[in-house]
Amino acid sequence: VRSEESERKRSSERPEKRVGIVSRACAMIECFTSESKTAGLAQLSSSLGLPKPTAFRIATVLSRMELLEHNPTTGAYSLGFAGLRHADALLGSIRVRTAARPVMEELRDAINETIVLSIREGDFRFNVDSVESTHAIGQTQQVGRPIPLYAGAASRVMLAGMAEDEFERYLHRLEPVAFSETTITNLDELRAATRLVRRDGFAATAGEYTLGSHAVACLIAAPPTYEIAALHVSIPRARRSSALEKRAIVALRAGVEKISKALAAAV
Amino acid sequence: MAEDARNMSGSISGAAKPAGDEQYKGEAIQRAGRALDCFSPSHPVWSASELAAETGTPKGTLRGILDTLVAHDMLRREAPDIYRLGFAWLSVGSLLQKQFDPRTVAVPLMRRIRDAINETVILSLRIGDQRVHIDYVESTHSMRRLMQVGSSGPLHVGATGHALLGAFSQNELAAYFDRAKAWLSPPVQKKLERDLVSIRRDGVAAAIGSVNAEMAAIAAAARLHTGECIAITISCPLERFAPELRQSCTTLLKEAVAELSVKVGARP
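Those protein sequence lines, which keep their order, are chains C and W. For what it's worth, the working numbering labels the leading residue of the first sequence as 67, then goes sequentially. For what it's worth, the working numbering labels the leading residue of the second sequence as 38, then goes sequentially.
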């Protein structure tokens, strides 16, 4: 699914062109994941389909720029600190985050469940910050991964925040896939669920995107110059109860109101 | 433009040379890195022309680099020719944060300090309301500060704890003093608050014979991107802690903490 906005941005008057070597360098950075935190040269060259000398030259340049780190003892490469700087610069530029962070900490302290801030980008949302519960079991947030706007509580409140014609255009281009048994893939059901959110002012979902994770979410009302953002409370299925969910909704509503006031005051 | 492309390290896709034949010095990758380095919280949006001027890269050359970074989600195109950092960095940052060990960055800096003044240099973390020593680089003097990794102490005692408190945000400090009512008398708390003003101003905290009559310590702290506060402390026998050494320690610590902050520090 590609949003109108991103289509517009991508379809500039000029044709897109890519620089092969930069693309390969980006692909090398993408080789590192939570399952594969380090990689030797052989692994990198095989993953990228590059001859070893080429992979070596790219890895050397990336290491010089601190985008990769080379361990001379083991010969293994891992992500370098420059990535942290870029992540930090990106997070620091998300203006809603500054106002949301102290409220997220207060919410976590009040209900001891994981609080997540996500922002909308086209037809997706990205989790950009979280304050984790101190329970032994809690969901690890998938930071930086695009999550479609038809799945999960935070997505639902963003859909509910769309103007009706924008919402219908979104549905028109949507080809939903199910992430779990509870993902809503029928458009009429999605319309109905979104209407409920508009009526209630919050969304509550059960494992629509992440199996075993319940969530309640509210949209953060922000001036137009800010990002479209939502706050959600993530509750593992094993701990979920109506009483806890109600408490989370009350706390969340108060929290987003506080953030909205802070944002309005800052304008 | 075509000449730019030929001069670049890589090749434009669609006319790619076999990878094994590439003759490059990584210039295009370095240009991409320089473009990425331009973005900061205070300057999060750049136009292609601004990036070209800032990085000294011809606009035509840069365009291909920016298209590539957008394709990999390392940049976002907010409007034609207007760019922000992309969300791929969130995944990278999250991964790095999980595997981050402050020792990997701090210990080389600590070695540099030790080699310059030959005194013991200690790395400490704030954990709750304690400072915990997690690593050290030892002086080679026979009479030197001896260390035990894992030893802890309260934040309100000593140079390390004070430096760590100095790195707290105003909210954290208020919360700390609220908790500290349980163990700090009002006069001691007032004095600590006053001391922290000068520690923040000077960038270092010192304890000259105040914790241990035979020992001097001077420390500086930084806040990491992970939110942790970390301190580097130089500690030595009091008899060697002459004004010249104190001055050198101050300079070396400030340099080290500044370098640490550039590498892995949280932005204000």
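Don't be surprised by glycine CBs; every beta carbon is placed ideally from N, CA and C. On a predicted model such as this, the values are computed, not experimentally measured, just so you know.
Requested in this report: Answer yes or no: do W:L132 and C:F98 have a C-beta to C-beta separation smaller than 9 Å?
Outcome: Residue numbering aside, residue 132 of chain W sits at position 95 when the second sequence is read from its first letter. Residue numbering aside, residue 98 of chain C sits at position 32 when the first sequence is read from its first letter. Yes; because the gap between Cβ atoms is below 9 Å, this pair is in contact.
Query raised in the report: Where does W:C75 sit, in a helix, a strand or coil, going by DSSP?
Result: Residue numbering aside, residue 75 of chain W sits at position 38 when the second sequence is read from its first letter. Reduced to three states, the DSSP call for W:C75 is coil.
Query raised in the report: With burial defined as no fewer than 16 other Cβ atoms inside 10 Å of the residue's Cβ, what is the status of W:Q67: buried or exposed?
Result: Your numbering for residue 67 of chain W matches position 30 in the second sequence. It is buried - the Cβ of W:Q67 has at least 16 other Cβ atoms within 10 Å.
**Report entry** Stretch-stretch touch, CB-based, cutoff 8 Å, three pairs: the segment 87-100 of chain W with the segment 145-157 of chain C
**Finding:** The way I'd put it, the segment 87-100 of chain W doesn't touch the segment 145-157 of chain C; fewer than three beta-carbon pairs between them come closer than 8 Å.
Report task. Could I get the ranges of all uninterrupted alpha helix (DSSP H) runs contained in the segment 229-276 of chain C, with 4 residues as the minimum, in chain order? Result -> If you keep only unbroken alpha helix (DSSP H) runs of at least 4 residues inside the segment 229-276 of chain C, you get 230-239, 253-266.
Query raised in the report: Does C:K193 get closer than 9 Å to chain W when you measure Cβ to Cβ?
Result: Looking up residue 193 of chain C in the first sequence gives position 127. This sequence places Asn at residue 193 of chain C; Lys is not what is there. By this cut-off, C:N193 is an interface position.
**Report entry** heavy atom of the ligand NAD below 8 Å from W:G198 C-beta
**Finding:** Here there are no bound small molecules, and the ligand NAD is not part of this structure.
**Report entry** Sheet register partners of C:V299 (DSSP bridge)
**Finding:** As a first step, residue 299 of chain C is located in the first sequence; it is residue number 233 there, counting from the start. C:V299 pairs with C:I181, C:V282.
Report task. Use the C-beta contact count for W:R231: other C-beta atoms within 10 angstroms, 16 or more gives buried, fewer gives exposed. Result -> The residue you call residue 231 of chain W lines up with position 194 of the second sequence. That one is exposed.
Query - Under the three-state DSSP convention, the category C:F190 falls into - result: Position 124 of the first sequence, counted from the first residue, corresponds to residue 190 of chain C. Note: C:F190 maps to strand in three-state DSSP.
Query raised in the report: How would you label W:K300, buried or exposed, when you count the other beta carbons within 10 angstroms and need 16 or more for buried?
Result: The count along the second sequence starts at 1 and reaches residue 300 of chain W at position 263. Buried, because 16 or more other Cβ atoms sit within 10 Å of the Cβ of W:K300.
Report task. Consider the Cβ of W:Q136: report whether some Cβ of chain C lies at a distance smaller than 9 Å. Result -> Here residue 136 of chain W refers to the residue found at position 99 of the second sequence. At least one CB of chain C lies nearer than 9 Å to the CB of W:Q136.
Requested in this report: Report the rounded CA-to-CA distance for C:S279 versus W:V225, giving the unit in angstroms.
Outcome: Residue 279 of chain C sits at position 213 when you count from the first residue of the first sequence. Residue 225 of chain W sits at position 188 when you count from the first residue of the second sequence. Cα-Cα distance, rounded: 47 Å.
Requested in this report: Starting from the Cα of W:S128, find the closest Cα among C:T276, C:T164, C:I95 and give me that residue.
Outcome: For the purposes of this step, residue 128 of chain W is taken as the residue at position 91 of the second sequence. The residue among C:T276, C:T164, C:I95 with its C-alpha nearest the C-alpha of W:S128 is C:I95.
Query raised in the report: Can you give the Cα-Cα distance for C:G210 and C:D266, rounded to whole angstroms?
Result: If you number the first sequence from 1, residue 210 of chain C lands on position 144. If you number the first sequence from 1, residue 266 of chain C lands on position 200. Between C:G210 and C:D266, the C-alpha separation is close to 29 Å.
Query raised in the report: Would you call the CB atoms of W:M180 and W:Y173 closer than 9 Å?
Result: Counting from one through the second sequence, the residue named residue 180 of chain W turns up at place 143. Counting from one through the second sequence, the residue named residue 173 of chain W turns up at place 136. For W:M180 and W:Y173, no; Cβs fall outside 9 Å.
Query raised in the report: Comparing the C-beta of C:L133 with each C-beta of chain W, is any distance below 9 Å?
Result: Residue numbering aside, residue 133 of chain C sits at position 67 when the first sequence is read from its first letter. So, interface residue.
Query raised in the report: Closest to C:K324 by CA distance: which of C:P119, C:T164, C:L134, C:I87 is it?
Result: For this step, residue 324 of chain C is matched to residue 258 along the first sequence. Comparing Cα positions, the closest option is C:T164.
Query - Selected residue, minimal CA-CA separation from C:S184, among C:A330, C:S300, C:T139, C:S102 - result: For the purposes of this step, residue 184 of chain C is identified with residue 118 of the first sequence, where counting begins at 1. Closest by alpha carbon: C:S300.
Query raised in the report: Skipping 5 residues on each side, what residues in its chain have a beta carbon closer than 7 Å to that of W:S188?
Result: Walking along the second sequence from the start, residue 188 of chain W turns up at place 151. Around W:S188: H170.
Query raised in the report: Exposed or buried, which one is W:H178 when buried takes at least 16 other CB atoms within 10 Å?
Result: Counted from its first residue, the second sequence places residue 178 of chain W at position 141. It is exposed - the Cβ of W:H178 has fewer than 16 other Cβ atoms within 10 Å.
Query - Contact with chain C by W:A253, beta-carbon distance below 9 Å - result: Translated into positions along the second sequence, residue 253 of chain W becomes position 216. Output row for W:A253: interface = no.
Query raised in the report: Pairing CB atoms from the segment 168-184 of chain C with CB atoms from the segment 286-298 of chain C, are three or more of them under 8 Å?
Result: yes
Query - Cβ shell of W:R140 (< 6 Å), same chain only, five flanking positions each side left out - result: Here residue 140 of chain W refers to the residue found at position 103 of the second sequence. Non-local C-beta neighbours of W:R140 in its own chain, meaning closer than 6 Å and more than five positions away in sequence, comprise D172, ordered along the chain.
Query raised in the report: What is the rounded straight-line gap between the Cα of W:G165 and the Cα of C:R306?
Result: Residue mapping note: residue 165 of chain W aligns to position 128 of the second sequence, counting from 1. Residue mapping note: residue 306 of chain C aligns to position 240 of the first sequence, counting from 1. For W:G165 and C:R306, the distance between alpha carbons rounds to 29 Å.
**Report entry** Chain-ordered neighbours of W:K300 on chain C, where CB pairs are closer than 7 Å
**Finding:** In the second sequence, counting from the first residue as 1, residue 300 of chain W sits at position 263. Here the neighbours are F147.
**Report entry** Classification of C:D195 by the beta-carbon crowding that lies within 10 angstroms, buried from 16 upward
**Finding:** For the purposes of this step, residue 195 of chain C is taken as residue 129 along the first sequence, with counting starting at 1. Buried, by the Cβ-count rule.
Query raised in the report: Cα separation between C:V85 and W:K96?
Result: By one-based count along the first sequence, residue 85 of chain C stands at place 19. By one-based count along the second sequence, residue 96 of chain W stands at place 59. Linking C:V85 to W:K96 through their CA atoms gives a straight-line distance of about 14 Å.
Requested in this report: Compute the beta-carbon to beta-carbon distance between W:C266 and W:R163, rounded to the nearest angstrom, for a pair I have assumed lies under 8 Å.
Outcome: Walking along the second sequence from the start, residue 266 of chain W turns up at place 229. Walking along the second sequence from the start, residue 163 of chain W turns up at place 126. About 4 Å; that satisfies the 8 Å criterion.
Report task. May I have the straight-line CA-CA distance separating C:V169 from C:L150, to the nearest angstrom? Result -> Here residue 169 of chain C refers to the residue found at position 103 of the first sequence. Here residue 150 of chain C refers to the residue found at position 84 of the first sequence. For the pair C:V169 and C:L150, the Cα-to-Cα distance works out to about 24 Å.
Query raised in the report: Under 9 Å between C-beta atoms, does C:S100 make it to chain W?
Result: The count along the first sequence starts at 1 and reaches residue 100 of chain C at position 34. Judged by the 9 Å Cβ criterion, C:S100 is in contact with chain W.
**Report entry** 9 Å Cβ cutoff, W:P81 in contact with chain C
**Finding:** What you label residue 81 of chain W is simply residue 44 of the second sequence in a count that begins at 1. True, the Cβ-Cβ gap to chain C drops below 9 Å.
Report task. Look at C:M224 and C:R186 and say whether their C-beta atoms are less than 9 Å apart. Result -> Here residue 224 of chain C refers to the residue found at position 158 of the first sequence. Here residue 186 of chain C refers to the residue found at position 120 of the first sequence. Yes, the pair counts as a contact, with Cβ atoms nearer than the cut-off.
Query raised in the report: Between which two residues does the alpha helix (DSSP H) containing W:R216 stretch?
Result: Numbered from its first residue, the second sequence carries residue 216 of chain W at position 179. 207-217 is the span of the alpha helix (DSSP H), which, as asked, contains W:R216.
**Report entry** Among W:E296, W:Q284, W:H80, the one whose alpha carbon lies nearest that of W:R260
**Finding:** Indexing the second sequence from 1 puts residue 260 of chain W at position 223. The candidate whose alpha carbon is nearest that of W:R260 is W:E296.
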